[in-house]
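A.B. asks:
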Amino acid sequence: MDKRLTNLMEQLGNGLSRGLKQGLVNGAGHNRYTLNIDGLPAEVSILQVEGNEQLNQPWHYTITFTSSDKQLSVESFLNQNARLSFNPANSSSLSDFTAKGLNALNSLTSANPLDALKQSGPLKQLDKFTQSNPLDSLNSLTQFNPLNPLNSLLSQGGSRTLYGVVTQFSQLSVSNDEARYQVVLSSQLAKLALSHNCAIFQNQSVISVVEEVL
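The sequence shown begins at 1 in UniProt numbering and counts up one residue at a time.
1. Given a cut-off of 9 Å, decide if Q80 and V165 are closer than it, judged by their beta-carbon atoms.
2. Compare the Cα-Cα distances from L194 to each of F201, S186, I200 and report the closest residue.
3. State the DSSP-derived secondary structure class of V49, mapped to helix, strand or coil.
4. With distances taken from CA atoms, which of S159, H60, V44 is nearest E50?
5. Given this structure, state the Cα-to-Cα distance separating F77 from N56, to the nearest angstrom.
6. Pick out whichever of N203, A82, E212, T64 has its Cα sitting closest to the Cα of D38.
7. What residue range is occupied by the uninterrupted beta strand (DSSP E) comprising I37?
8. What would DSSP say about L172, mapped onto helix, strand or coil?
9. So, Q182 versus T62, is the Cβ gap smaller than 9 Å?
10. Measuring straight from C-alpha to C-alpha, what distance separates V213 and Y163?
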């Protein structure tokens, strides 16, 4: 195979590989979640978010985070108003590595890779295929970034913020540098589940009360 074709293929592979690795590193360093709790001065770093949203049901999210403050109390979290923000993903690095790969692909499609093959005697029967560039169909790929739809999906609408109340709190572990906590952020409607109906029965026997209730 033509050395130029081989070099271009290596350039394409290396460009995509470097760009993908850089994209993963940049994406990992971009915190996509922000948790703010009323009255909590300590900064938190979110590790994991698990959510549950259903029709006709109050939503709730379980959030695991770390803090340098190892003495956070239950009182500072329970029944406190809080907000969880979903920040758009940083997808610029994905566009960068895609552009590098497509630049190499564009160079590859600018020449017919069968030119070198048809010069050899045993392969002259391939001449009939050289009337058209077998890679012409790939030229359309260089006209757009195939990750543009993905980038648009990841970044559309900006950030989303959920406003709710903390209904559960627990300390999971403590290390030399930080402590790991977990909270459940629920819709304000979750407070309705804490209410109880009560009634007072006066001047009645136990039997009459049971009969009235049942």
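For every residue, glycine included, the Cβ atom is placed at its ideal position computed from N, Cα and C.
Just so we're clear, the structure is a prediction, and the values are computed from it rather than from any experiment.
C.D. replies: Checking against the coordinates, here is how it stands:
1. Here residue 165 refers to the residue found at position 165 of the sequence shown. Here residue 80 refers to the residue found at position 80 of the sequence shown. For V165 and Q80, yes; Cβs fall inside 9 Å.
2. Taking the sequence shown and counting its residues from 1, one reaches residue 194 at position 194. Nearest of F201, S186, I200 to L194, Cα basis: S186.
3. Taking the sequence shown and counting its residues from 1, one reaches residue 49 at position 49. Three-state DSSP puts V49 in a strand.
4. Taking the first residue of the sequence shown as 1, we reach residue 50 at position 50. When the alpha-carbon of E50 is set against those of S159, H60, V44, the nearest one is in H60.
5. Locating residue 77 in the sequence shown gives position 77, counting from the first residue. Locating residue 56 in the sequence shown gives position 56, counting from the first residue. Rounded to whole angstroms, the gap between the alpha carbons of F77 and N56 is 26 Å.
6. Along the sequence shown, read from residue 1 onward, the residue named residue 38 stands at position 38. With distances taken between Cα atoms, D38 lies closest to A82.
7. For this step, residue 37 is matched to residue 37 along the sequence shown. For I37, the uninterrupted beta strand (DSSP E) run begins and ends at 33-37, by DSSP.
8. Taking the first residue of the sequence shown as 1, we reach residue 172 at position 172. In the three-state reduction of the DSSP assignment, L172 falls in the strand class, which pools E and B.
9. The residue you call residue 182 lines up with position 182 of the sequence shown. The residue you call residue 62 lines up with position 62 of the sequence shown. It is a contact, given that the beta carbons lie within the stated cut-off.
10. By 1-based counting over the sequence shown, the position of residue 213 is 213. By 1-based counting over the sequence shown, the position of residue 163 is 163. Straight-line Cα distance between these residues: approximately 39 Å.
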